[in-house]
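Residue numbers (our numbering): 85 to 645. In this text, a Cβ means the ideal position worked out from N, Cα and C, and glycines have one as well. It should be emphasised that the depicted structure is a prediction, and the values quoted were computed from it without experimental measurement.
Printed below as a string of structure tokens:
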């Protein structure tokens, strides 16, 4: 496989050349401009996540009540019971009732006139909402509540959430305040993905502009904002997946230091303490070492030795949890709560493949609430085609083929895992379950890197050409981000025949924040999005000025000599 990836480039000093002082200063200015742009885009993604966190009604994201419940259990010393032995706390049960769950949102894909409608429910005043405390924060068999199935996962994310509630003093606050704090924790975890995605793209291409393309990529996925703006252990896994992706990119481009192998294994292991999805990063790690290139090319035994170290580190840090499950419970991930098959429609054998593909794509781009609110299928098809084309370009055109193959293995493995589990469940029950696009979000940094590689290759690996595309990409990303929020707001709050003002009033009434605070959040978030645009638009001029300064420095050094 031919590859011209700039894996390990010797610097000018290594080749005996004189480094022009003004050229060095220009390089430093260019590096500062890049770091500043990534920082602003990180802030923009964080602001986008915050807007999702205050837009999504309480418990209108998958399993949010049980994620909240598991955090409270740890915060109040309830431990981590065996799968099937944890019960929802009375405080959470009361919160679910006060949030009018279940009730159909107005944007549900099929209107059900006989079901309770969210727009018909009078919101409980903020001051009357249940407060969490010692007497209601932990459930048991006598609570009269449902099973909390989340103890089928490791407790790392929930321990982190419990620490946040304790440190902020919100462990004994109203339930909606505690929920918002945990949603904002997930937004922070999402924001940390941005510099990792940017670093991945820049590492494999050597292009700062490619890094900015990757940094803006999350804004194209409304479902990502929805899930990362809710209480969900996927946020922990998404960050770990981004960290593993960045380190794998370093490996395939020649960074074979032992400490990188240890760090890569530790990050994968840490992710495994959140959810089993990080196991699908292991093929990416293995192939990264097999395809790694440096100068000189490391011997295969040396690469395999580092792969072994990474694998052992992953097992020691987090893999042991899943081995323990097999040895003590007889399954990699035990069932926390059996599914009620009577509520699930049978699926014909001939429809399984097409339905899995359709549901996975839909739930990756936009399937809000409990998969009730569906993004227009035309956008889902367009997004799926765009990602497919980007993947083909990244592996077909020269420049970073090895890295592209490595990165694609992670999201491809996640998708294959989801499809296999769904197919296996159907073979056993005749139903489809757990076909959720959010399970692919652990590979979002890898997808961002692949998209950036594809654009870099289409720009013929020229920084000046790709720099021109950065304002276009960021602008489209911001437009998509705002459009997704606008769609979600109407789907959650605007009933048939109602005005935008009616929807705003309903939103204000349901929010955990007082109207002035909510207005301030919206204004600050809007400013962050505008700042991203302000950084992206002049980017071609910024890169052009840096190139000109480097040329001037080089010419001056040549004249002086």
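According to the neighbour-count rule (16 or more other Cβ atoms, all chains shown, within 10 Å of its Cβ), is residue i buried or exposed?
i, result
"residue 385", "exposed"
"residue 237", "buried"
"residue 510", "buried"
"residue 105", "Confidence in residue 105 is poor, its pLDDT being 47 and thus under 50, which makes the residue's placement unreliable; the coordinate value appears in the next sentence. Exposed, by the Cβ-count rule."
"residue 438", "exposed"
"residue 390", "buried"
"residue 147", "buried"
"residue 217", "exposed"
"residue 623", "buried"
"residue 182", "buried"
"residue 488", "buried"
"residue 222", "buried"
"residue 561", "buried"
"residue 137", "buried"
"residue 632", "exposed"
"residue 558", "buried"
"residue 500", "exposed"
"residue 228", "exposed"
"residue 101", "Residue placement at residue 101 cannot be trusted, given a pLDDT of 35 that sits under 50; what the coordinates show is reported in the next sentence. Exposed is the call here."
"residue 395", "buried"
"residue 508", "exposed"
"residue 288", "buried"
"residue 371", "buried"
"residue 426", "exposed"
"residue 533", "buried"
"residue 412", "exposed"
"residue 112", "exposed"
"residue 583", "exposed"
"residue 188", "buried"
"residue 354", "buried"
"residue 424", "exposed"
Residue i and residue j look like a contact to me (Cβ under 8 angstroms); what is the Cβ gap, rounded to whole Å?
i, j, result
"residue 494", "residue 365", "6 angstroms"
"residue 536", "residue 292", "About 11 angstroms; that fails the 8 angstroms criterion."
"residue 369", "residue 348", "6 angstroms"
"residue 258", "residue 213", "5 angstroms"
"residue 521", "residue 409", "Residue 521 to residue 409, Cβ: 25 angstroms. No contact."
"residue 278", "residue 129", "5 angstroms"
"residue 176", "residue 153", "4 angstroms"
"residue 352", "residue 328", "5 angstroms"
"residue 263", "residue 315", "6 angstroms"
"residue 254", "residue 134", "In fact, because the Cβ distance is near 16 angstroms, the residues do not count as touching under 8 angstroms."
"residue 336", "residue 375", "6 angstroms"
"residue 497", "residue 367", "5 angstroms"
"residue 320", "residue 241", "4 angstroms"
Please name the residue, chosen from the options, that lies closest to residue i on a Cα-to-Cα basis.
i, options, result
"residue 516", "294, 430, 179, 628", "430"
"residue 304", "496, 132, 606, 630", "132"
"residue 323", "335, 308, 260", "308"
"residue 490", "478, 499, 144, 600", "478"
"residue 503", "471, 487, 555, 445", "445"
"residue 629", "551, 610, 598, 585", "551"
"residue 219", "184, 143, 157, 332", "157"
"residue 464", "474, 382, 449", "449"
"residue 529", "189, 184, 295", "295"
"residue 475", "412, 539, 442, 440", "539"
"residue 527", "199, 584, 240, 363", "363"
"residue 225", "120, 174, 267, 204", "174"
"residue 301", "605, 564, 581", "564"
"residue 332", "284, 256, 532, 428", "284"
"residue 453", "525, 607, 207, 306", "306"
"residue 326", "376, 275, 336", "275"
"residue 441", "358, 506, 399, 591", "506"
"residue 581", "144, 166, 203", "203"
"residue 436", "188, 519, 397, 497", "519"
Kindly indicate if chain C contains any beta-carbon less than 8 angstroms away from that of residue i.
i, result
"residue 481", "Checking the listed chains, one finds no chain C in this structure; it contains a single protein chain."
Segments assigned alpha helix (DSSP H), at least 4 residues, entirely inside the segment 531-604:
547-577, 584-594
Does the contact criterion of 3 or more C-beta pairs under 8 angstroms hold for the segment 535-545 versus the segment 473-493?
yes
Within the segment 319-381, note down every full beta strand (DSSP E) run reaching 3 residues or more, in order along the chain.
none
Does the segment 570-584 come into contact with the segment 439-458, if we say contact requires no fewer than three beta-carbon pairs (one atom in each stretch) closer than 8 angstroms?
yes
Counting only runs of 4+ residues fully inside the segment 170-217, write out the alpha helix (DSSP H) ranges in chain order.
174-182
Taking 8 angstroms as the cut-off, does the segment 168-187 touch the segment 241-255 (at least 3 CB pairs, one atom from each stretch)?
no
Validate contact between the segment 465-475 and the segment 337-348 using beta carbons, cut 8 angstroms, 3 pairs:
no
Any contact of the segment 309-316 with the segment 562-572, i.e. 3+ C-beta pairs under 8 angstroms?
yes
Would you be able to state if there are at least three C-beta pairs under 8 angstroms between the segment 114-131 and the segment 610-627?
yes
For the pair the segment 160-170 and the segment 197-213, tell me if three or more CB-CB distances fall below 8 angstroms.
no
Counting pairs of Cβ atoms below 8 angstroms between the segment 224-232 and the segment 185-203, do you hit three or more?
no
Runs of 4 residues minimum, wholly inside the segment 369-455: which ones carry the alpha helix (DSSP H) assignment?
384-398, 404-413, 436-449, 452-455
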